[in-house]
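Be aware that the sequence shown starts at 162, since it is given in the numbering used here, and climbs by one per residue. Built from N, CA and C at the ideal position, the CB exists for glycine as well. Nothing here was measured: the structure is a model prediction, and the numbers come from that model. Each remark here refers to the structure printed beneath this line.
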Amino acid sequence: MLIRLDPASPLPLGDQIAAAVRGAIADGAVRPGERLPAARALADSLGVNVHTVLRGYQRLREEDLIELRRGRGAVVTGGGTSPGRARLVEGVRHLIAEARTLGLSDEEVLSLVRTGLAGR
Numbered sequence: 162m163l164i165r166l167d168p169a170s171p172l173p174l175g176d177q178i179a180a181a182v183r184g185a186i187a188d189g190a191v192r193p194g195e196r197l198p199a200a201r202a203l204a205d206s207l208g209v210n211v212h213t214v215l216r217g218y219q220r221l222r223e224e225d226l227i228e229l230r231r232g233r234g235a236v237v238t239g240g241g242t243s244p245g246r247a248r249l250v251e252g253v254r255h256l257i258a259e260a261r262t263l264g265l266s267d268e269e270v271l272s273l274v275r276t277g278l279a280g281r
């Protein structure tokens with residue numbers, strides 16, 4: 162798994178790390194049960210603070226894409242997580258970014274999603 166960071170991007174480095182891992186899960190390059198690089202090792206290879214990597218990993222844990230276990234590190238989850246879920250999470254992030262660009266409020270975005278769900 163190759164992670165590249167863009168220091169010129171407005172996206173925080175931790176979020177860039179999360180996006181790279183999410184993309185690797187979505188395209189099947191990283192599968193459930195696989196361990197991610199140790200935070201310290203990844204931080205050293207990227208030239209960032211270990212806390213930056215941990216912020217990215219924490220975001221992925223909140224999305225239920227990875228588990229963080231003491232002594233075992235970060236592991237891609239198997240239960241409920243699939244490449245499809247990772248793609249969906251990535252799509253939601255793009256939706257939010259586009260909504261922010263257009264100046265939509267949170268309530269306007271939620272209303273659009275509710276309308277879409279009602280129209281199934």
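Assigned exposure category for residue 169 - 16 Cβ within 10 Å defines buried: Burial is judged here by how many other beta carbons sit within 10 angstroms of a residue's own beta carbon; residue 169 has fewer than 16 and is exposed.
Short Cβ contact (9 Å threshold) for residue 214 with residue 178: It is a contact, given that the beta carbons lie within the stated cut-off.
Under the three-state DSSP convention, the category residue 165 falls into: For residue 165, the three-state secondary structure derived from DSSP is coil.
Contiguous beta strand (DSSP E) assignments of at least 3 residues, all confined to the segment 204-277: The qualifying runs are 227-230, 234-237.
Per-residue burial, residue 217 [other beta carbons within 10 Å of its own, 16 or more giving buried]: Around the Cβ of residue 217, a 10 Å sphere holds 16 or more other Cβ atoms; the residue is buried.
Buried versus exposed, by CB contacts within 10 Å (16 or more), residue 257: Of the residues assessed, residue 257 falls on the exposed side of the cut-off, its CB having fewer than 16 other CB atoms within 10 angstroms.
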